[in-house]
Amino acid sequence: MTVPGPGAEVTSGSGAAVLVTGAGPTGLLAACELLRRGVPVRLVDCAPHPAHTPRALSLWPRALGILDDLGIGDDVRAASVRIDAYRYFTGGRPLAAFAFPAGCAARNLPQYETERLLTRRLYELGGTVERGVRLADFSQDDDTVRVLLRHADGRGETWRTPYLLGADGASSTVRDRLGTPFEGTTYPMTFALLDTRVEGHLPHGEIHYYQAPSGTLVIVPLPGGVFRILTALPAGAPAVAAVAAVPAVPAVPAVPAVQALLDARGPGGVRITEPVHQAVFRVHARRARRLRHGRIHLLGDAAHVHSPAGGQGMNNGLQDAHNLAWKLAAVLHGDSPASLLADYGPERAEATRRIVRDTDLQTRAWMADGRVRVAARDAAFRLLERTGAVTRFYAPVMAGHRLAYRPRRATQEPARPAACRLPGGVRAGALFPRGLALAYGISGPEADPSEWALALVLRAGTLPAWSEKAAQLAAAHRRIRPYRLPLDTTAPTTHCHRPGYYLIRPDGHIAAHGHAHDTPHLQTELTHATTTFS
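Here it is as structure tokens:
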């Protein structure tokens with residue numbers, strides 16, 4: 002770690018607080034989730050003030066469920082716009098429409114509003130944001146991380162923390178100091194983004210994609226009657242220089258350029274009247290090679306960036322924070338062995354790979370050029386609409402309902418797993434159905450955020466010996482609560498029609514699933530997940 006320069010005032014300190022760098026959505030949620038599990042947090046951000054740019058918008062149901070459990074879900078819904086469908090056009094003509102079932106609809110909310118609600122909750126939990134504080138350097142040993150912080154007045158401070166969480170964005174200092182490669186690619190196109198009020202009719206509950214030979218244009222509804230116009234810029238277009246020259250403040254010369262693209266590619270009859278925010282950006286698809294380095298973890302944009310297609314970026318970061326926070330809390334409280342933290346990197350890297358793959362497919366559809374490629378893309382979209390495949394199969398993926406971590410041990414699954422491998426079946430690694438979790442008190446704002454749940458699925462009126470054995474095994478471990486669920490209620494959702502158990506992690510993912518004769522598997526998984534009472 003570097004030494005402060007001559008004359009710099011340096012203070013030193015240490016404590017049990019986990020240090021989180023970056024007060025964007027990911028860092029704020031990580032801090033909130035740690036605090037509500039009783040872990041002290043220090044959250045620093047180099048910016049002197051909160052950001053006021055809209056940036057990311059979409060919050061999908063999985064992220065909304067996390068925010069519900071945190072206690073701010075209703076506020077998010079009240080402030081946001083619901084998105085019920087994507088509608089595509091080609092050459093100015095309707096191409097396809099994909100509706101989202103009620104349980105899969107997204108909410109659009111400017112990022113600064115999401116950050117405001119998270120910050121309010123952070124303060125309610127006893128936390129704060131230290132602004133104008135920059136992480137300059139760090140080093141670590143087996144027991145602690147020693148960091149050098151720089152305050153806005155130039156003062157240096159050394160601090161010792163048990164864990165450092167780097168949520169400091171795509172230009173992450175933490176990732177840079179670790180020397181972790183940020184691997185991937187940059188798409189060969191530039192986008193102009195303009196948030197504005199308009200004259201003319203635009204639907205408030207749909208995102209419209211206009212695909213033209215000259216490039217793609219997307220219209221996204223925001224709260225307050227504002228719409229986001231996102232369009233690929235032609236190479237060398239004057240609009241690039243006009244918009245890029247003033248990334249933070251709208252410039253009058255840029256508006257006619259975007260209006261011209263809106264007229265050429267969009268629905269017609271829509272006029273930009275009151276620009277709110279504008280920017281020019283390139284789209285990247287990059288991932289940090291490693292997310293965990295001893296006691297240092299990367300999350301959010303510091304760990305991965307990808308195309309905005311599908312609006313998954315902020316959701317992915319929030320799920321990083323949720324995944325990591327409960328594990329850190331469990332280890333720090335002695336409820337789980339330290340080895341639990343080894344799962345963070347592989348799990349979140351697996352989820353990110355899938356998102357990068359899916360958003361890459363959507364982005365390349367935007368980039369289709371030439372008659373043959375455009376015809377093939379349009380034929381694929383028509384087929385998807387005709388079959389209803391997007392609504393039935395892909396909407397739940399975008400919503401986050403199908404997020405699953407691949408089991409790594411045979412004991413996570415039944416000895417006879419074929420009985421549970423029906424289409425749509427809920428398996429180990431997947432999310433336990435939220436409707437069931439809420440109905441039985443396993444999840445929700447009132448649930449203990451640190452508890453594991455052992456859901457014993459039984460036939461009505463029975464209490465077999467195996468279930469008593471499973472409950473006894475759970476009782477020997479810390480932070481595990483048994484629940485009894487009727488088979489006739491769970492089977493239609495889980496598609497498992499045999500009595501058995503689900504060991505459910507504090508983040509709602511199924512750590513293990515088994516049937517009546519799989520209690521030896523359960524014992525193994527309990528030992529892996531939690532410590533025993535001494």
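Numbered per the numbering used here, the sequence shown spans residues 2 to 535. Positions of the beta carbon are idealized from the N, C-alpha and C atoms, including for glycine. Since we're looking at a predicted model, the values are computed, not measured.
Taking C-alpha positions only, C497 is separated from L136 by approximately 49 Å. Counting the other CB atoms within 10 Å of its CB gives R38 a total of 16 or more, which places it among the buried residues. A direct Cα-Cα distance of roughly 34 Å separates Q313 from L488.
Counted as a single uninterrupted DSSP element, the stretch harbouring D46 is not any alpha helix (DSSP H) but the beta strand (DSSP E) occupying residues V42 to D46. Y395 sits in a helix when the DSSP states are folded into three classes. Within a 10 Å sphere around the beta-carbon of T162 sit 16 or more other beta-carbons, which makes this residue buried. In this model, I505 and L523 are separated by some 12 Å (Cα to Cα). D69 and G445 have their C-alpha atoms roughly 7 Å apart. Around the C-beta of T120, 16 or more other C-beta atoms lie within 10 Å, and the residue is accordingly described as buried.
In this structure, H402 and R63 form a Cβ contact; the two beta carbons are roughly 7 Å apart against a cut-off of 8 Å. Secondary structure note for D138: it is in no alpha helix (DSSP H), and the uninterrupted beta strand (DSSP E) holding it is V134 to Q141. Fully contained in the region 471-522 are the following beta strand (DSSP E) runs of length 3 or more, in chain order: 481-487, 501-505 and 511-516. Within its own chain, the residues whose Cβ lies closer than 6 Å to the Cβ of G346, once the five positions on either side in sequence are excluded, are L292 and R293, listed in chain order. For A461 against L486, the beta-carbon gap comes to about 11 Å, at or over 8 Å, which does not count as contact. For G501 and G442, the gap between their C-alpha atoms comes out near 19 Å. Under DSSP, N109 shares a beta bridge with S59 and V82. When rounded, the separation of the alpha-carbon atoms in T491 and R94 is 45 Å. A distance below 7 Å between beta-carbons, with the five flanking residues on each side excluded, links I67 to the following residues of its chain, in chain order: L319 and H323.
Going by DSSP, G216 is part of no alpha helix (DSSP H) but of the beta strand (DSSP E) stretching over G216 to P222. Close CB contacts of I297 within its chain, under the 7 Å cut and outside five residues either way in sequence, are with Q141, V146, L165, G167, V175 and L179 (chain order). Taken through DSSP and simplified to helix, strand or coil, F282 comes out as strand. Burial state of T533 is exposed, judged by a 10 Å Cβ sphere holding fewer than 16 other Cβ atoms. Between R407 and G430 the beta-carbon gap is near 6 Å, inside 8 Å, which marks them as a contact.
For A97, the beta-bridge partners assigned by DSSP are Y89.
For A456, the enclosing beta strand (DSSP E) covers residues W453 to L459. Annotation for T197: the continuous beta strand (DSSP E) segment containing it runs F183 to E200. For H298, there is no enclosing alpha helix (DSSP H); the residue is part of the beta strand (DSSP E) that begins and ends at I297 to L299. Nearest in C-alpha terms to L71, of all of C33, L384 and F99, is C33.
By the 16-neighbour rule on beta-carbons within 10 angstroms, G28 is buried. Note on the region 324-376: whole alpha helix (DSSP H) runs with a minimum of 4 residues are 345-368, in chain order.
By the Cβ neighbour-count rule, Q279 is buried, with 16 or more other Cβ atoms within 10 Å of its own. Per the coordinates, the alpha-carbon of S468 lies some 54 Å from the alpha-carbon of L96. Between Y89 and Y210 the beta-carbon gap is near 5 Å, inside 8 Å, which marks them as a contact. Taking Q413 as the centre and dropping the five residues before and after it, the same chain places the C-beta of A429, G430, A512, A513, H514, H522 and E526 closer than 8 Å to its C-beta, in chain order.
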